[in-house]
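Participant: Sharing a structure with you now.
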Amino acid sequence: MGELRLMKGNEVIAEAAIRCGCDGYFGYPITPQSEVMETLMDREPWNETGMVVLQAESEIASIHMVYGAAASGKKVLTSSSSPGISLMAEGISYIAGAELPCLIVNVQRGGPGLGTIQPSQADYFQSTKGGGHGDYRLIVLAPSSVQEMNDFVELGFKLAFKYRNPAMILSDGAIGQMMEKVVLADYIPRMTTEEIDKKYGSWATNGKKVNRQKNVITSLEMDSLKMEVNNQRLQAKYAKMEEEEVLFEEIQCEDAEYILVAFGSSSRVCQKSVDIAREKGIKLGLLRPITLFPFPKKPIAALAKRVKGFLVVEMNAGQMVEDVQLAVGCGLPVKHYGRMGGIIPTPSEVVDALEQKLIGG
Amino acid sequence: MAKVIGAVVVDNEECKGCGLCVVACPQDVLGQNKQVNSRGYHYSFMKNPEACIGCSNCATVCPDTCITVYRVKI
Amino acid sequence: MELADIINPKNLVYKKPPLLTSTTMHYCPGCSHGVIHRLLAEVIEDMGIQEKTIGVSPVGCAVFAYNYIDIDWQEAAHGRAPAVATGIARTNPDKVVFTYQGDGDLASIGAAEILHACNRGEDMVVIFVNNGIYGMTGGQMAPTTLLGQITATTPNGREAGRNGYPLKITELIAQLPGTSYVTRQSVQTPAAIRKCKKAISKAFQAAIDKKGTSFVEVVSTCNMNWKMTPVKANEWMVENMFPFYVPGDLKDSSKNNPESYTPLKN
């Protein structure tokens, strides 16, 4: 059993990174996630585990530092918030194209533009549909508690290395700033150079050994036929993720007639909405996607066979609702209720929306 | 006094006919061939082989590393 | 003595370094990149650091540098090579890391990354190939294009009022306390090439000795986009570029804390 602590979501990201044997963090300050780097700098992990922590000159530089370190077989992460993630989009596309494992944490704030520093879920499209140029996907994990902020660091790295693909923790300002109790993970030692050679020597650029060909990390291929093969390899990888890595949680869905679909902060609100609705006699359940990519299409399709409708609750203008509509794939009503600009909906607001848009409609 | 004689071998197919070796040669040994290689370049050759002293200037300036140099003291 | 007697392995004085791969370089005839690649291969070989050297190639003509030198390589996004190299160098302090960048990559789109990597004094080598023009995209104006120089985007010559001034970024770099060895070289003659090789060698040694960032500018030609023969391009470079980008060492010291940089006491 690990150590029990009361911590902020952002602080936990830092603590979990140190404990999971991370080799480096590269980042740039932006509200509401600056505590990630602040905590790391205060913890001085370079004295404890040898982990590197560097404040870069920009988000652009941070993501490319991640590229360089990840390409040498190291376990590295960066964190930012929405505008910073937009700046990183080019680098994330390169990392996906060059098939490198890394972890990116997005503690979302409201947009567009400079927007607001208050929490939002308006980066759903950016995170799950690519975000940068070209056909690529991130593995996207959506924590709804400080505990999951902790757990998804190691899980994110595990999936990133399994698929040699960038993974993202898509959090938001509410969970980043929230304090909750958390059970911290036990320490995992950082990998040694020899272990990295043995495990990732077939691709990692950590010095050409006499007994192997040179390793080259690139996303460039001028031959269109070969480039199409590269793309097909990526797509096969994403298809495998959709088969094997879907995570979700169902709350009171067994007898439900109506289903709320929500992730992250809004799913916390919706848990309360389910209770309120049930007190009113409405049989309501909640499906919480934990992986936003791969998206839990099958469980939603299964529910669609026996419920009367879905209400997708998001802190945006309606993004995940499109994926739910695709998963439902029939005439069943799929409605959206969202708040924007950094506002978190209240539980009763959600129940009112349910009654107006689905039950009354 | 010992005399030095040299020779260069140009990889005709690798040569792109840029002519930099021709001007780098202090002995006016090299010239550009009227013939072209399979890629259409007028590759360099020893038009005046007796004059070569094996100084390696031609190989040093060659951007395509297609010149090998030999030298003998007699 | 017959030619066949001279051309004998025992008389060999110069051959292609084994660290250069057999792949024919994609560069135009007479391009300076080929010579600079060879010098890098020779230096890495001479220093015996093939197994611990990691190169970072840019976006631009040298994007394919990874095809030609037999070491591990990473291909960086446009301008980001110094950030990529920082990531490698920081997490692999036992390795030798270098970037290979052109003028557009380093001095324009990557100006922030190069200044900050040099200012942090990352223990790495930067090879900066400055030919005053964008090669790969077809000869557009670069930050280092001379005033009056004709390019695809300055068809009547670069004009300060419209296009700004040519950027002496190496002079800026030399002022940063994080840099140790900053030099400007060229590869147009055998003597210049030998000197450039010594400079590259010294730069690698400084990085290995953890003296901070070493920066080697190589003033180069782009005869294709300058629309000249390779021989004429070398002459043009000496005549027009050298008076502005003056060859020689700009700095030869070690990363240090000058007095004016004394840290505050906490």
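Residue numbers (the working numbering), protein chains in the order written: chain E, 1 to 361; chain C, 1001 to 1074; chain R, 2001 to 2266. Where a beta carbon is used, it is the ideal one built from N, C-alpha and C, also for glycine.
#1: Is it right to say C:R1039 is buried, meaning 16 or more other beta carbons lie within 10 angstroms of its own, or is it exposed?
#2: What residue range is occupied by the uninterrupted beta strand (DSSP E) comprising E:R268?
#3: Pick out whichever of R:M2124, R:Q2140, R:Q2188 has its Cα sitting closest to the Cα of R:S2108.
#4: Output needed for E:G285: all residues of its chain with C-beta closer than 6 angstroms, excluding positions within five of it in sequence on either side, in chain order.
#5: With which residues is E:F26 paired in a DSSP beta bridge?
#6: Can you tell which of E:L114, E:E221, E:S202, E:V307 has its C-alpha closest to the C-alpha of E:N215?
#7: Find the residues of chain E that neighbour R:H2116, judging by a C-beta separation of less than 9 angstroms, and give them in chain order.
#8: Along the chain, where does the alpha helix (DSSP H) that runs through R:D2046 open and close?
#9: According to DSSP, is E:V210 helix, strand or coil?
#10: For E:Q235, does the count of other Cβ atoms within 10 angstroms reach 16, so buried, or fall short, so exposed?
#11: Keeping to the same chain, check which residues put their C-beta closer than 6 angstroms to that of E:P380; ignore five residues upstream and five downstream.
#12: Alpha carbon to alpha carbon, what distance is there between E:Y67 and R:W2073?
#13: If you count every other CB in all the chains shown that lies within 10 Å of the CB of R:A2152, and 16 or more means buried, which is it?
#14: Determine the DSSP secondary structure at E:Q108, reduced to helix, strand or coil.
#15: Under 7 angstroms, CB to CB, which of the residues in the stretch 2080 to 2110 of chain R have a partner in chain E?
#16: Tell me, please, which residues DSSP counts as bridged to E:M7.
#17: Give the DSSP-derived three-state secondary structure of E:C102 in the structure shown.
#18: Measure how close the beta-carbons of C:V1029 and C:A1051 come, nearest whole angstrom, since I'm counting them as under 8 angstroms.
#19: Using a cut-off of 8 angstroms between C-beta atoms, extract the partners of R:T2054 located in chain E.
#20: Short of 8 angstroms Cβ to Cβ, which residues in the stretch 209 to 239 of chain E face chain R?
#21: Does DSSP put R:I2127 in a helix, in a strand, or in coil?
#22: Run down chain C in chain order and give the residues with a C-beta less than 8 angstroms from the C-beta of R:S2057.
#23: I want to verify the contact list: residues of chain B whose CB lies under 8 angstroms from the CB of C:I1005, in sequence order.
#24: Which runs of the alpha helix (DSSP H), 4 residues or longer, sit entirely within the stretch 103 to 174 of chain E?
#25: With 8 angstroms set as the bound, which would you pick, yes or no: does the beta-carbon of R:D2123 sit closer than that to a beta-carbon of chain E?
#26: By alpha-carbon positions, which one of R:A2206, R:S2260, R:L2146, R:Y2245 ends up nearest to R:E1951?
#27: If we cut at 8 angstroms on Cβ distances, does R:E2239 have a partner in chain E?
#28: Tell me the rounded alpha-carbon separation between E:G173 and E:A17.
#29: Using a Cβ-Cβ distance under 8 angstroms, would R:I2071 count as near chain E?
#30: C:C1018 versus chain R: which residues are under 7 angstroms apart at the beta carbon?
#31: How is R:S2108 classed by DSSP in three states: helix, strand or coil?
#32: For R:A2081, which residues from the same chain have a beta carbon less than 6 angstroms from its beta carbon, with the 5 sequence-adjacent residues on both sides left out?
#33: Spell out whether any CB of chain C is found under 8 angstroms from the CB atom of R:T2023.
#34: Indicate the three-state DSSP secondary structure (helix, strand or coil) for R:G2060 in the structure shown.
#35: What are the residues in the stretch 1030 to 1041 of chain C lying within 8 angstroms of chain R by C-beta distance?
#36: Buried or exposed: which applies to E:V183, given that a residue is buried once 16 or more other Cβ atoms fall within 10 Å of its Cβ?
Facilitator: Once the coordinates are examined:
#1: C:R1039 should be labelled exposed.
#2: Counting along the chain, E:R268 falls outside any beta strand (DSSP E), though it belongs to the alpha helix (DSSP H) covering 264 to 279.
#3: Selected option, being the one with the closest Cα: R:Q2140.
#4: Apart from the 5 residues on each side of it in sequence, E:G285 sits with its Cβ closer than 6 angstroms to the Cβ of Q252, C253, A256, I259 in its chain, given in chain order.
#5: Per DSSP, E:L54.
#6: Restricting attention to E:L114, E:E221, E:S202, E:V307, the CA atom closest to the CA of E:N215 is found in E:S202.
#7: Below the 9 angstroms Cβ cutoff, chain E contributes A56, E57, S58, A61 as neighbours of R:H2116, in chain order.
#8: From DSSP, the alpha helix (DSSP H) with R:D2046 extends over 2032 to 2047.
#9: In the structure shown, E:V210 sits in coil (DSSP, three-state: anything other than H, G, I, E or B).
#10: Note on E:Q235: under 16 other CB atoms within 10 angstroms of its CB, so exposed under the neighbour-count rule.
#11: Here chain E comprises residues numbered 1 to 361, so residue 380 of chain E is not present and cannot be evaluated.
#12: Roughly 12 angstroms between the two C-alpha positions.
#13: R:A2152 comes out exposed.
#14: Correct three-state label for E:Q108: strand.
#15: Taking 7 angstroms as the upper bound on Cβ-Cβ separation, chain E lies near residues R2080, A2083, V2084, A2085, T2086, G2087, I2088, R2090, T2091, N2092, K2095 of the stretch 2080 to 2110 of chain R.
#16: Looking at the DSSP assignment, E:M7 forms a beta bridge with E:E180.
#17: In this structure, E:C102 counts as strand in the three-state DSSP scheme.
#18: Here C:V1029 really is in contact with C:A1051; their C-beta atoms are around 5 angstroms apart, less than 8 angstroms.
#19: The sequence given here places Ile at residue 2054 of chain R; Thr does not occur at that position. Ordered by position in chain E, the residues that pass the 8 angstroms Cβ test against R:I2054 are S72, T205, N206, G207.
#20: Listed by position, the residues of the stretch 209 to 239 of chain E near chain R (Cβ gap below 8 angstroms) are K209, V210, K214, N215, V216, I217, T218, S219, L220.
#21: Residue state, collapsed to three classes: strand.
#22: Correct list: empty, because the minimum Cβ distance to chain C is about 17 angstroms.
#23: Given the protein chain composition of this structure (E, C and R), no chain B is represented.
#24: Taking only runs of at least 4 residues, the alpha helix (DSSP H) segments lying wholly in the stretch 103 to 174 of chain E are 124 to 128, 146 to 163.
#25: It does not: the Cβ of R:D2123 has no partner Cβ on chain E nearer than 8 angstroms.
#26: With chain R represented from 2001 up to 2266, any question about residue 1951 of chain R goes unanswered, as that position is not in the structure.
#27: So, not an interface residue.
#28: For E:G173 and E:A17, the distance between alpha carbons rounds to 19 angstroms.
#29: Against chain E, the CB of R:I2071 has a partner CB under 8 angstroms away; the residue lies at that interface.
#30: Those are P2029, G2030, P2230, listed as they occur along chain R.
#31: DSSP places R:S2108 in helix when its eight states are reduced to three.
#32: Same-chain partners within the cutoff: V2056, P2058, T2099, Q2101.
#33: Interface flag for R:T2023 against chain C is unset, since no Cβ pair is found closer than 8 angstroms.
#34: DSSP places R:G2060 outside both helix and strand once states are collapsed to three, so it counts as coil.
#35: Of all residues in the stretch 1030 to 1041 of chain C, the ones placed with a Cβ closer than 8 angstroms to any Cβ belonging to chain R are Y1041, in chain order.
#36: The residue is exposed, with fewer than 16 neighbouring Cβ atoms inside 10 Å.
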